[in-house]
Amino acid sequence: MFSVKLKYASIFIGVSALAMLGRGGDRPPDVSLDPETKERVERFEKGSATIDVSKYPEGIQENYEVFSQKCSQCHKLSRPINSDYALPAEWERYIKRMMHKPGSGISSADAKKIFDFLTYDSSIRKKAMVDEKLAKATPEEKTAAEDKIKEVHDKYEKK
Amino acid sequence: MRWPLIISVILLSVVGCGPSGDSHVSAKQAPAKRPVPPADPVQLGRQVFEKYGCVMCHGKDAKSGIANPNAKTLDKVPPLTYVADGYTADELKKFIRRGQPTIDKKRADGPTPPFRMPAFAKWIPDDDLDAVQKYLFSLMPAGEKETF
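Chains as they are written, first to last, in the working numbering: chain A, 6 to 164; chain B, 224 to 371.
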């Protein structure tokens, strides 16, 4: 008899607890990607998924292969190719963000090759965007970006 | 069938037995002291990290996330020890506000990973967001920050 009563009591307490938890339903529902980001990513992905690297230095062409192989494991290549990232500091953060994801398969050496490729490519193919961003950058950011772009060009073009 | 009623009465009685129910005692007691938030923004951020439940998924000190089957990040919620390497302060705060409503699958034909990051924009005030950002940036292992 006691166990039956205990059972009812347990059910009652359980239901009460669930009802209290249910007050969490006042929380707003999770939003999906905000419209701005969603539109941005979709716009990037509609663009070309390849780059003509035939006129780039040999080392940069090799790095393009690393970029294509590693980055396509998780997203369309058209996303970074058409993205509005263009400055070395932007690429560095973006690549490191990907590299540090568990299971990315991107080593530090791979990441540097991808960085060199994207920095070089942006300085050629997205030159107008780079110039526009540099015009808005602080003097320190501008100097750092220009130095890094020059360093990458010197590294591959002098070979 | 009267048990629910009896238990409800007992529960209400228990709730009614709080300190405020005894005015004689409470008049003599000093007012309860509220904990003083730490002055150090990193320590404050650690508290914020726990207060909003970030620790529940990303683990103690954000070093190891809990299992999230079929998540591309090795079936786990990712650790956050390297966020200082991949985000500016503003980018990280924007990410926390927005959350991550969809988690990439490891196997496309597998189940949807059960855990995703909610958008904290409506819950977390700017002060707490600043603090948790500073805390997360402090987790970057010394000497591991690379410059490309």
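We put the CB at the ideal spot given by N, CA and C, even for glycine.
{"Query": "Beta-bridge pairing of Ala290 of chain B - partner residues as DSSP gives them", "Result": "B:Lys299"}
{"Query": "Opening and closing residue of the alpha helix (DSSP H) in which Ile119 of chain A lies", "Result": "113-130"}
{"Query": "Whole-angstrom distance between Phe343 of chain B and Pro34 of chain A, CA atom to CA atom", "Result": "Note that Pro34 of chain A scores a pLDDT of 41, beneath 50, so its modelled location is shaky and nothing firm can be said."}
{"Query": "Heavy atom of the ligand NAD within 7 Å of Gly288 of chain B beta-carbon", "Result": "The ligand NAD is not part of the structure shown, which contains no ligands of any sort."}
{"Query": "Contained beta strand (DSSP E) runs [length at least 3] in the segment 31-112 of chain A, N- to C-terminal order", "Result": "none"}
{"Query": "Reduced DSSP secondary structure (H/G/I, E/B, other) of Lys328 of chain B", "Result": "strand"}
{"Query": "Nearest-angstrom beta carbon gap, Ile326 of chain B and Pro336 of chain B [assumed within contact, 8 Å]", "Result": "4 Å"}
{"Query": "Three CB pairs or more closer than 8 Å across the segment 299-307 of chain B and the segment 351-364 of chain B", "Result": "yes"}
{"Query": "Beta-carbon separation (whole angstroms), Gly309 of chain B vs His80 of chain A, contact threshold 8 Å", "Result": "Not really, about 15 Å apart at Cβ, beyond 8 Å."}
{"Query": "Neighbourhood of Asn68 of chain A by C-beta, 6 Å cutoff - its chain only, sequence neighbours within 5 removed", "Result": "Lys118, Asp121, Phe122"}
{"Query": "Proximity winner among B:Pro261, B:Tyr275, B:Gln270, relative to Lys345 of chain B (alpha-carbon distances)", "Result": "B:Tyr275"}
{"Query": "Interface residues of chain A facing Asp327 of chain B [CB-CB closer than 8 Å]", "Result": "Cys79"}
{"Query": "Per DSSP, the bridge partner or partners of Gln323 of chain B", "Result": "B:Met340"}
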